[in-house]
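The numbering of the sequence shown is the numbering used here, which starts it at 3 and goes up by one.
Structure, as structure tokens:
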Amino acid sequence: MRRRAFISLLGGAAGWPLAARGQQPAMPVVGFLRSTTATSAAHLVAAFRQGLNEAGFVEGQSVAIDYRWADNQDDRLPGLVAEMVRRRVAVIAAGGIAATNAAKAASNTPIVFAVGGDPVRIGLVSSLNRPGGHITGISFLSGTDLVAKRLELLHELVPKATIIAVLLDTAGETQLEDVEGAARALGRQIVIARVASQRDFDAAFGQIVKAGAGALLAPGGSVTTGQHRQIVALTIRHAIPALYTLREFVEVGGLMSYGPSQTHAYRRAGIYAGRILKGEKPGDLPVELPTKYELVINLATARALGLEISPMMLARADEVIE
């Protein structure tokens with residue numbers, strides 16, 4: 003090879019890495035969508051990031067996250083999903099009612115959900131083991147056995163409460179049949195107080211008080227979960243012993259919770275999002291169900307309500323908040 007031609011070849015090779023870098027694909031974007039405020043979900047964001055990290059992705063370095071918040075205004079969700087679709091995010095991670103909105107409006111975008119209901123019953127997937135399509139995720143499923151366990155705990159705590167109120171939002175309606183069946187088995191009368199937005203809470207608690215309910219079960223849903231501080235404040239104001247699905251209620255003064263960890267669910271959702279970014283198909287990833295349930299009791303709230311928690315119940319608790 004002639005010397006001049008060889009030097010020219012070397013000169014071209016020196017430019018290859020730069021050209022290759024210029025052709026590299028842009029950093030993938032994950033859409034993170036919730037119906038709540040950003041402040042109320044800070045711990046869930048941290049858990050989701052942790053899951054992405056475990057899957058090999060670091061925000062700002064190997065993945066970008068596009069956060070969208072409906073600020074408890076569910077009618078904003080379709081527009082937020084449309085924005086993500088226009089941005090061509092690689093995957094959408096969504097919780098609760100945000101997930102059902104994403105499923106309707108983003109038919110070609112992979113979706114990872116974190117929901118408290120049965121994803122088959124609410125129409126997100128056709129099967130837990132083989133979701134198919136473009137959707138999979140994590141469900142902190144609240145079936146008949148779990149609802150019955152919560153009612154049993156309420157009965158143990160407030161045995162004289164013959165009427166138990168149930169606070170249901172749109173997402174929680176899927177649990178109504180389970181609640182009614184568990185109440186019949188315990189021989190308890192239930193009063194259903196429905197809420198569609200935070201504006202309905204005062205009226206719902208007025209209904210609960212008027213019915214003479216001695217205890218409250220809050221199964222959880224997009225509206226109730228996003229307004230956990232307001233709900234806890236109302237139960238304390240009306241001196242109603244309440245059992246919640248998530249520990250987040252107890253951490254802000256709620257009496258007791260029994261259920262799976264929402265934080266753990268979002269960490270697992272982050273891992274699933276990472277696996278999809280690596281090329282796995284959502285439809286091939288089975289919906290994950292909770293394997294551990296935690297009982298959390300706020301002893302200070304129990305004292306304020308004049309309730310005595312038995313040593314046996316305290317011993318069963320995974321955490322007691324003083």
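Every residue, glycine too, gets a C-beta built ideally from N, C-alpha and C.
Pick from the options that is closest to residue i, judged by C-alpha positions
{"i": "residue 326", "options": "307, 302, 268, 298", "result": "It is not possible to answer for residue 326, since the shown part of the chain is limited to 3 through 324."}
{"i": "residue 96", "options": "88, 64, 149, 68", "result": "68"}
{"i": "residue 345", "options": "189, 162, 207, 319", "result": "Given that the chain is displayed from residue 3 to residue 324, the structure contains no residue 345 and the question cannot be resolved."}
{"i": "residue 35", "options": "61, 80, 56", "result": "80"}
{"i": "residue 117", "options": "87, 263, 308", "result": "263"}
{"i": "residue 45", "options": "267, 114, 105, 126", "result": "267"}
{"i": "residue 152", "options": "128, 134, 188", "result": "188"}
{"i": "residue 78", "options": "62, 66, 39, 128", "result": "39"}
{"i": "residue 70", "options": "250, 313, 86, 115", "result": "86"}
Which of helix, strand or coil DSSP assigns to residue i
{"i": "residue 25", "result": "Low local confidence applies: a pLDDT of 41 at residue 25 is under 50, so the model's placement there is unreliable, with the coordinate-based value given in what follows. Here residue 25 sits in helix by DSSP."}
{"i": "residue 160", "result": "coil"}
{"i": "residue 61", "result": "strand"}
{"i": "residue 190", "result": "coil"}
{"i": "residue 14", "result": "Caution applies to residue 14, whose pLDDT of 43 falls short of 50 and renders its modelled position unreliable; the value that the coordinates give is listed next. Here residue 14 sits in helix by DSSP."}
{"i": "residue 19", "result": "At residue 19, the pLDDT of 42 sits below 50, so the modelled position is not reliable; the number obtained from the coordinates is stated separately. Correct three-state label for residue 19: helix."}
{"i": "residue 124", "result": "coil"}
{"i": "residue 115", "result": "strand"}
{"i": "residue 34", "result": "strand"}
{"i": "residue 169", "result": "strand"}
{"i": "residue 195", "result": "strand"}
{"i": "residue 183", "result": "helix"}
{"i": "residue 260", "result": "strand"}
heavy atom of the ligand PLP below 7 Å from residue i C-beta
{"i": "residue 258", "result": "This structure lacks the ligand PLP; in fact it carries no ligand of any kind."}
Alpha-carbon to alpha-carbon, residue j and residue i
{"i": "residue 1", "j": "residue 242", "result": "In the structure as shown, the chain starts at 3 and stops at 324, and residue 1 therefore has no counterpart that could be examined."}
{"i": "residue 198", "j": "residue 226", "result": "9 Å"}
{"i": "residue 202", "j": "residue 323", "result": "29 Å"}
{"i": "residue 291", "j": "residue 138", "result": "12 Å"}
{"i": "residue 25", "j": "residue 109", "result": "Note that residue 25 scores 41 on pLDDT, short of 50, meaning its location in the model is unreliable; the coordinates nonetheless yield the value given after this. The alpha-carbon atoms of residue 25 and residue 109 are separated by roughly 29 Å."}
{"i": "residue 222", "j": "residue 306", "result": "24 Å"}
{"i": "residue 293", "j": "residue 248", "result": "15 Å"}
{"i": "residue 72", "j": "residue 283", "result": "28 Å"}
{"i": "residue 311", "j": "residue 124", "result": "36 Å"}
{"i": "residue 28", "j": "residue 64", "result": "10 Å"}
{"i": "residue 186", "j": "residue 164", "result": "11 Å"}
{"i": "residue 111", "j": "residue 120", "result": "21 Å"}
{"i": "residue 253", "j": "residue 237", "result": "14 Å"}
Contact belief for residue i with residue j at Cβ below 8 Å, rounded distance in angstroms
{"i": "residue 210", "j": "residue 219", "result": "11 Å between Cβ atoms; not a contact."}
{"i": "residue 30", "j": "residue 287", "result": "In fact, because the Cβ distance is near 17 Å, the residues do not count as touching under 8 Å."}
{"i": "residue 303", "j": "residue 255", "result": "6 Å"}
{"i": "residue 42", "j": "residue 98", "result": "Between residue 98 and residue 42 the Cβ distance is about 12 Å, and since that is not below 8 Å, they are no contact."}
{"i": "residue 155", "j": "residue 245", "result": "6 Å"}
{"i": "residue 107", "j": "residue 91", "result": "Residue 107 to residue 91, Cβ: 13 Å. No contact."}
{"i": "residue 102", "j": "residue 126", "result": "7 Å"}
Chain D contact for residue i (CB, 8 Å cutoff)
{"i": "residue 252", "result": "No chain D is part of this structure, which consists of one protein chain only."}
### Task
Report yes or no: do the region 271-278 and the region 42-57 share at least 3 C-beta pairs separated by less than 8 Å?
Below 8 Å, enough C-beta pairs join the region 271-278 and the region 42-57 to call them touching: three or more.
### Message
Closer than 8 Å is the cut-off here; do at least three beta carbon pairs connect the region 160-169 with the region 188-195?
### Response
Look at the beta carbons and you see the region 160-169 touching the region 188-195: at least three pairs across the two are nearer than 8 Å.
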